[in-house]
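Novice:
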Ligand code: DMJ
């Protein structure tokens, strides 16, 4: 069924927004996000590997032809380094590793080179925003005292290691290893990583800590860097398990109704709120369980299962059976959004992502049932004639559509659903890690040198 969903999402993108970044499924036209500047075709590049995995051969071929003829990085555009890395570099790398088509390798390396000037800061911690023509970078004006964002500069590692691997140019890997070095030199409050770091002074900004937005994929990439290195990256391993220890001590709490959640930390005070984005952590804890120190494997699986259950509750306690952007555990509620501006659902993948990891790692059938509930809800409330749309309020009786079909719906949400209902030997975890946009990258096996490219 996720294949039929993919076809509906793709066909409508193709009909109404071909070559543009995203589709507006209600107004049936293109949607351009300033995250990608003038770079076009986000949905095409994000969807390449999903099309490949689902064996949608015609569509993959059309997408490849578009990339060959039209994907152009010689534009005057200010882009988000993080978004372009996870969607475009990640999408091109996966398309290359899966299909072996040289054009994807070439474009990935070309784009990687365009991103390098972002690292020209006193510390080497990259800027958030970069003009890829002039090479001038800056940070988000709203970020604490000119800081770079942990989840942005901390979510380049996997792709940059592969860029060095595929280009033979060590510069990419050097840039991300230097980020590690800067982080390792700093004192961490209570062992936690603040979301903000100033790239000029090398000092933390505000002491806000989150496993959701602004922090999330930094932690994910520590674990996955270790897994992708065939468990040779001991530094990544240590940083991951130390961070999880601090998160458990300071951020993870249980509600009076028995739901485990991950709160946000602001200078030592907890905000009892969990974002939809934070729900990815259930899958992360389970994926990292195998290497957990001090006999904690079972404990990390259990933690993953608890987070999955809480996030399922956040879906189940809505009218539309799709989860809100953020839910709270205070003021007499549990796993429910209380503020109007936190009640929306924008086709995000994190809860389904966690179901997929939990299913593969435990084979408890409830994860497939929960995934199926999400499919039914998406079909009922998000599917429209012109594609799939996000919702403004998941507690309402009537749908109010936001009119955006996010590119991550095709790269992540539908891919994770497909994997949830596939056999374990499709992209097995021993050989592949998924970047934070669900683009699979091969594990670089110790003894096999450059043979990793051949793994399908
Ligand atoms: C995606 O771009 C990635 O999953 C990212 O890590 C977080 N935000 C979206 C999906 O919600």
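Numbering (my numbering), first residue to last: 387 to 842.
Glycine included, every Cβ here is placed at the ideal spot set by N, Cα and C.
#1: For residue 802, which residues from the same chain have a beta carbon less than 7 Å from its beta carbon, with the 5 sequence-adjacent residues on both sides left out?
#2: Closest by CA to residue 504, which one among 464, 680 and 474?
#3: Using 7 Å as the threshold, is the C-beta distance between residue 541 and residue 822 below it?
#4: Within 8 Å, do at least three Cβ pairs link the stretch 408-422 to the stretch 767-777?
#5: Among 693, 450, 479 and 429, which has the Cα closest to the Cα of residue 639?
#6: So the candidates are 553, 511, 513 and 525; which of them puts its Cα closest to the Cα of residue 497?
#7: Quick one: what does DSSP say residue 730 is sitting in, helix, strand or coil?
#8: Shorter than 6 Å, the distance from the beta carbon of residue 545 to the closest heavy atom of the ligand DMJ, or not?
#9: If you follow the beta strand (DSSP E) that residue 723 is in, where does it begin and where does it stop?
#10: So who's on the other strand from residue 594, going by DSSP bridges?
#11: Residues in the same chain with beta-carbon distance under 6 Å from residue 547, minus the five sequence neighbours each way, listed in chain order, please.
#12: Among the residues of its own chain, which have a CB less than 6 Å from the CB of residue 477, if the five just before and after it don't count?
#13: For residue 789, is the classification buried or exposed, using 16 other Cβ atoms within 10 angstroms of its Cβ as the cut-off for buried?
#14: Going by DSSP, what residue range makes up the alpha helix (DSSP H) through residue 761?
#15: How long is the line joining the alpha carbons of residue 841 and residue 829, rounded to whole angstroms?
#16: Between which two residues does the alpha helix (DSSP H) harbouring residue 625 extend?
#17: Determine which residues share a DSSP beta bridge with residue 543 and list them.
#18: Of the choices 721, 784, 686 and 459, whose alpha-carbon is the least far from that of residue 703?
#19: Just checking my contact of residue 501 with residue 453 at CB under 8 Å: how many whole Å lie between their CB atoms?
#20: Which residues does DSSP pair with residue 401 in a beta bridge?
#21: Give every residue of the same chain whose Cβ lies closer than 6 Å to the Cβ of residue 399, excluding the five residues on either side of it in the sequence, and list them in chain order.
#22: Taking the alpha helix (DSSP H) that residue 495 belongs to, which residues open and close that run?
#23: So is the beta-carbon of residue 734 under 6 Å away from any non-hydrogen atom of the ligand DMJ?
#24: If we ignore side chains and look at the alpha-carbon of each, how far apart do residue 836 and residue 706 end up?
#25: Work out the CA separation of residue 450 and residue 471 for me, nearest whole Å.
#26: Taking the straight line between their C-alpha atoms, what separation do you get for residue 455 and residue 493?
#27: How would you call residue 729, buried or exposed, if buried means at least 16 neighbouring beta carbons within 10 angstroms?
Specialist: Looking at the atomic coordinates:
#1: Against the chain shown, residue 802 aligns to sequence position 416. For residue 802, where only same-chain residues beyond five positions count, the Cβ hits under 7 Å are 735, 738, 739, 742 and 824.
#2: Along the chain shown, read from residue 1 onward, the residue named residue 504 stands at position 118. Here the closest residue by C-alpha is 464.
#3: Numbered from 1 along the chain shown, position 155 holds the residue referred to as residue 541. Numbered from 1 along the chain shown, position 436 holds the residue referred to as residue 822. Yes. Within cutoff.
#4: yes
#5: Sequence index remark: in the chain shown, residue 639 carries index 253 (1-based). Closest option to residue 639, Cα to Cα, is 693.
#6: Position 111 of the chain shown, counted from the start, is the residue given in the question as residue 497. When each option's Cα is compared against that of residue 497, the closest is 553.
#7: Position 344 of the chain shown, counted from the start, is the residue given in the question as residue 730. Residue state, collapsed to three classes: coil.
#8: What you label residue 545 is simply residue 159 of the chain shown in a count that begins at 1. Residue 545: no, Cβ never under 6 Å from the ligand DMJ.
#9: Here residue 723 is taken as the residue at index 337 of the chain shown, counted from 1. Secondary structure note for residue 723: it is in no beta strand (DSSP E), with a DSSP letter that is neither H nor E.
#10: Taking the first residue of the chain shown as position 1, residue 594 is located at position 208. Paired residue(s): 652.
#11: Taking the chain shown and counting its residues from 1, one reaches residue 547 at position 161. If you ignore the 5 residues before and after residue 547, its C-beta comes within less than 6 Å of the C-beta of 559, all in its own chain and listed in chain order.
#12: Against the chain shown, residue 477 aligns to sequence position 91. Around residue 477: 431, 432, 434 and 825.
#13: Position 403 of the chain shown, counted from the first residue, corresponds to residue 789. In this structure residue 789 is buried. Its beta-carbon is surrounded by 16 or more other beta-carbon atoms within 10 angstroms.
#14: Counting from 1 along the chain shown, the entry for residue 761 is found at position 375. That run of the alpha helix (DSSP H) goes 752-763.
#15: Along the chain shown, read from residue 1 onward, the residue named residue 841 stands at position 455. Along the chain shown, read from residue 1 onward, the residue named residue 829 stands at position 443. At residue 841 the pLDDT is 46, less than 50, meaning the model places this residue with poor confidence; the figure from the coordinates comes in the next sentence. In a straight line, the C-alpha of residue 841 is about 9 Å away from that of residue 829.
#16: In the chain shown, counting from the first residue as 1, residue 625 sits at position 239. Run containing residue 625: 620-636, per the alpha helix (DSSP H) assignment.
#17: In the chain shown, counting from the first residue as 1, residue 543 sits at position 157. In DSSP, residue 543 forms no bridge with anything.
#18: On the chain shown, residue 703 is found 317 positions in, with the first residue counted as 1. The residue with the shortest Cα to Cα distance from residue 703 is 721.
#19: Against the chain shown, residue 501 aligns to sequence position 115. Against the chain shown, residue 453 aligns to sequence position 67. Contact doesn't hold; Cβ gap of about 18 Å is too wide.
#20: Here residue 401 refers to the residue found at position 15 of the chain shown. Note: residue 401 sits in no beta bridge, so no partner.
#21: Within the chain shown, the letter at position 13 stands for residue 399. So the qualifying residues of the chain are 409 and 429.
#22: Counted from its first residue, the chain shown places residue 495 at position 109. Residue 495 -> alpha helix (DSSP H) spans 488-501.
#23: In the chain shown, the residue the question calls residue 734 occupies position 348. Yes, Cβ of residue 734 sits closer than 6 Å to a heavy atom of the ligand DMJ.
#24: The residue you call residue 836 lines up with position 450 of the chain shown. The residue you call residue 706 lines up with position 320 of the chain shown. Unreliable placement is indicated for residue 836, whose pLDDT of 48 sits below 50; the coordinate value is still reported in the next sentence. Cα-Cα distance, rounded: 48 Å.
#25: Here residue 471 refers to the residue found at position 85 when the chain shown is read from its first residue. Here residue 450 refers to the residue found at position 64 when the chain shown is read from its first residue. So the alpha carbons of these two residues sit roughly 19 Å apart.
#26: For the purposes of this step, residue 455 is taken as residue 69 along the chain shown, with counting starting at 1. For the purposes of this step, residue 493 is taken as residue 107 along the chain shown, with counting starting at 1. Approximately 11 Å between the Cα atoms of the pair.
#27: The residue you call residue 729 lines up with position 343 of the chain shown. The residue is buried, with at least 16 neighbouring Cβ atoms inside 10 Å.
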